[in-house]
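S.K.: Would you mind keeping the following structure in view while I ask a few things?
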Amino acid sequence: MDFLITGGLVVTADGEFRADVAVDGEKIVSVGEALPRTPEAVVLDASGKYVLPGVIDVHTHFALRSRGTVTADDFASGTRSAACGGVTTVVDFADQLPGASIVRSARARIEEAAPGASVDFALHMTITRVPEDLSGEMADLARMGVGAVKLFTTYRAAGYLLEDDDFLAVAKAANDAGLLVTVHAEDNDIVERLEAAFRDQGTASPSQHARSRPSEAEAVAIRNVAAYLGRLGIPVYFVHVSSLAGLQAVREARRAGRAVHAETCPHYLLLTEDEYSRDRAREFIMTPPLRTAPDASALWNAVLGGEIDVIATDHCAFTREQKALGETCFDVLPGIPGVETLLPLIHHEGVVRRGMELRDMVKVLSHNPARLFGIYPRKGAVAPGADADIVIFDPGCARAISAADLHSNAGYTPYEGMKVQGWPRTVMVRGRVVFAGDQFVGTPGWGRFVPAASGRG
Ligand SMILES: [Zn+2]
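Plus 11 on top of the position in the sequence shown (first one is 1) and you've got our numbering.
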């Protein structure tokens with residue numbers, strides 16, 4: 012045995028109980044009361060602390076090349092930031108490379124990620140063009156352990172949009188191969204027409220971002236996609252649901268019997284469009300945009316009521332200098348950092364302030380992500396046989412969030428100055444401590460690709 016974590020409150024998706032956790036090599040080997048110590052084991056005293064399964068952030072964009080630039084966080088800085096926030100697995104995206112098969116594109120992304128990664132990673136495959144051998148490529152993807160595809164209903168100009176026929180063909184082939192279909196849902200016609208109108212009228216300053224991409228665009232796209240895919244019996248996972256209107260569309264689809272999963276992000280729960288009328292509007296531009304306070308509170312109710320399956324960050328960091336390159340709300344590079352603050356923010360705002368059960372926090376941050384993306388129970392559980400991805404979390408630690416203490420290359424955080432109670436004390440990835448004593452102590456290259464099991468339900 013290498014580590015014995017003693018006296019902590021172990022939290023799983025089913026409940027909380029006081030237990031010791033023994034770690035040998037990369038695995039958890041036992042969980043139980045008063046486990047015997049062996050002389051060589053390092054004892055980590057977790058009394059008064061929570062012992063959580065490592066957080067799985069299923070929506071990060073590290074080293075994303077887009078719009079003539081690359082995001083500020085590569086896999087080294089992005090996973091360092093993740094590790095320091097208790098995120099032990101990220102699920103990032105592979106883009107189709109020009110002239111390469113989908114599988115080759117995915118393999119290239121794994122090779123790009125591995126040397127810098129200090130936490131484990133899995134991949135979604137973004138499909139923006141239909142490959143010649145669609146069903147063969149989807150089967151190959153599933154075989155190599157990619158668990159999901161990501162499809163866009165918008166961004167025609169940027170080349171991300173799949174037109175309806177292609178969208179359906181890809182969704183069907185992916186689902187047949189056992190891949191989960193995930194969708195960025197904003198109606199392209201609404202977004203494109205408003206952009207043209209706003210540019211015409213000269214009302215496209217960064218302060219107009221929320222008005223330029225209204226929640227109706229999200230609701231229309233969710234409704235359309237859920238109707239199409241539902242009729243074909245294809246389950247769908249909507250990334251970053253941002254609004255009450257979007258949520259209502261999810262509810263309608265579920266009432267109609269569709270298998271619909273919903274993700275939201277901390278920024279839609281904690282920030283509002285008021286940020287766009289302040290000086291630093293650019294630093295809050297992401298898509299979909301921030302919404303109103305009633306939208307945020309509707310999303311919180313959905314989280315607390317179990318209607319939201321996953322909270323993930325959409326971490327897509329740009330520096331202030333990169334953000335300053337854009338003049339209009341349509342040109343500012345969209346995206347914000349967030350992977351490191353996910354767990355502390357949801358713990359504080361959910362558990363401390365809104366009475367969320369710890370087990371429900373673990374559900375949306377670890378358990379559900381692992382199940383939906385095919386890496387459970389290797390990930391997302393504190394149980395014998397699972398990878399030793401563990402967060403010893405100190406619920407009494409009070410801090411004010413400050414970019415100066417965080418590890419992203421963004422250089423700022425949209426949550427600057429927010430006070431939270433609770434912060435990770437020790438974080439372990441596959442049996443190796445990556446964060447302790449408020450320091451990153453991980454090793455680039457330790458993180459490995461985690462293949463998803465295919466054919467899950
Ligand atoms: Zn994203």
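Built from N, CA and C at the ideal position, the CB exists for glycine as well.
Figure out for me which residue from 34, 35, 70, 31 has the closest Cα to the Cα of residue 473.
M.R.: Since the first and last residues shown for the chain are 12 and 468, residue 473 lies out of range.
S.K.: Could you check the C-alpha separation between residue 178 and residue 275 for me, to the nearest Å?
M.R.: Each residue's alpha carbon lies about 23 Å from the other.
S.K.: Kindly list the residues whose CB is nearer than 8 Å to the CB of residue 414, restricted to its own chain and excluding five residues on each side of it in sequence; keep chain order.
M.R.: If we look at residue 414 and ignore the five residues flanking it on each side, its Cβ neighbours are 421, 422, 423, 424, 427.
S.K.: Report buried or exposed for residue 449, applying the criterion of at least 16 other Cβ atoms within 10 angstroms of its Cβ.
M.R.: That one is exposed.
S.K.: Could you check whether residue 353 and residue 96 sit closer than 9 Å to each other, using their CB atoms as the reference points?
M.R.: Cβ atoms of residue 96 and residue 353: closer than 9 Å.
S.K.: Mapping the DSSP letters down to three states, classify residue 69 as helix, strand or coil.
M.R.: Residue 69: coil per DSSP, three-state reduction.
S.K.: Can you round the beta-carbon distance between residue 269 and residue 230 to whole angstroms, since I take them to be within the 8 Å contact cut?
M.R.: At roughly 15 Å, the Cβ-Cβ gap does not stay under 8 Å, so residue 269 and residue 230 are not in contact.
S.K.: Our contact map puts residue 133 next to residue 102 with C-beta atoms below 8 Å; I'd like the distance itself, whole angstroms only.
M.R.: At roughly 5 Å, the Cβ-Cβ gap stays under 8 Å, so residue 133 and residue 102 are in contact.
S.K.: Whole angstroms are fine: how far does the CA of residue 394 sit from the CA of residue 388?
M.R.: C-alpha separation (whole angstroms): 8 Å.
S.K.: Using DSSP with H/G/I as helix, E/B as strand and the rest coil, what is residue 380?
M.R.: Three-state result, residue 380: helix.
S.K.: Would you give the residue range spanned by the alpha helix (DSSP H) that residue 333 belongs to?
M.R.: Where residue 333 is concerned, the enclosing alpha helix (DSSP H) stretches over 331-335.
S.K.: Spatial neighbours of residue 264 within its chain, please: C-beta separation below 6 Å, excluding the five flanking residues on both sides.
M.R.: Hits under 6 Å: 237, 271.
S.K.: Are residue 326 and residue 251 close, meaning C-beta to C-beta below 9 Å?
M.R.: Their beta carbons are not under 9 Å apart, which means residue 326 does not touch residue 251 by this criterion.
S.K.: Run through the DSSP bridge pairs and tell me what residue 39 is partnered with.
M.R.: DSSP lists 34 as partners of residue 39.
S.K.: Taking only heavy atoms of ligand 1 into account, decide whether any of them is closer than 8 Å to the Cβ of residue 68.
M.R.: Checking every heavy atom of ligand 1 against the Cβ of residue 68, none is found closer than 8 Å.
S.K.: Which first and last residues belong to the beta strand (DSSP E) in which residue 251 is found?
M.R.: Where residue 251 is concerned, there is no enclosing beta strand (DSSP E), given that its DSSP letter is neither H nor E.
S.K.: Determine the burial state of residue 468: buried for a count of at least 16 other Cβ atoms within 10 Å of its Cβ, exposed for fewer.
M.R.: Confidence at residue 468 is low in this model, with a pLDDT of 39, below 50, so its placement is unreliable and the value that follows should be read with caution. Exposed, since its Cβ has fewer than 16 Cβ neighbours within 10 Å.
S.K.: For residue 372, which option in 26, 14, 12 has the closest C-alpha, if you only look at C-alpha atoms?
M.R.: Of the listed residues, the one whose Cα sits closest to residue 372 is 26.
S.K.: Taking 8 Å as the cut-off, does the CB of residue 250 come closer than this to any heavy atom belonging to ligand 1?
M.R.: Flag set: Cβ of residue 250 near ligand 1.
S.K.: Look at the alpha carbon of residue 451 and the alpha carbon of residue 13, and state the distance between them as a whole number of angstroms.
M.R.: Roughly 20 Å between the two C-alpha positions.
S.K.: Rounded to the nearest angstrom, what separates residue 466 and residue 363 at their Cα positions?
M.R.: For residue 466, the predicted model reports a pLDDT of 48, less than 50, meaning its position is unreliable and no value from the coordinates is stated.
S.K.: Would you say the beta carbon of residue 72 comes nearer than 8 Å to a heavy atom of ligand 1?
M.R.: At least one heavy atom of ligand 1 is nearer than 8 Å to the Cβ of residue 72, so yes.
S.K.: Per DSSP, what kind of secondary structure is residue 466 in: helix, strand or coil?
M.R.: Low local confidence applies: a pLDDT of 48 at residue 466 is under 50, so the model's placement there is unreliable, with the coordinate-based value given in what follows. Residue state, collapsed to three classes: coil.
S.K.: Starting from the Cα of residue 141, find the closest Cα among 109, 127, 129 and give me that residue.
M.R.: Of the listed residues, the one whose Cα sits closest to residue 141 is 109.
S.K.: Of the residues 104, 182, 129, which one's Cα is nearest the Cα of residue 118?
M.R.: For the residues 104, 182, 129, the minimum Cα distance to residue 118 belongs to 104.
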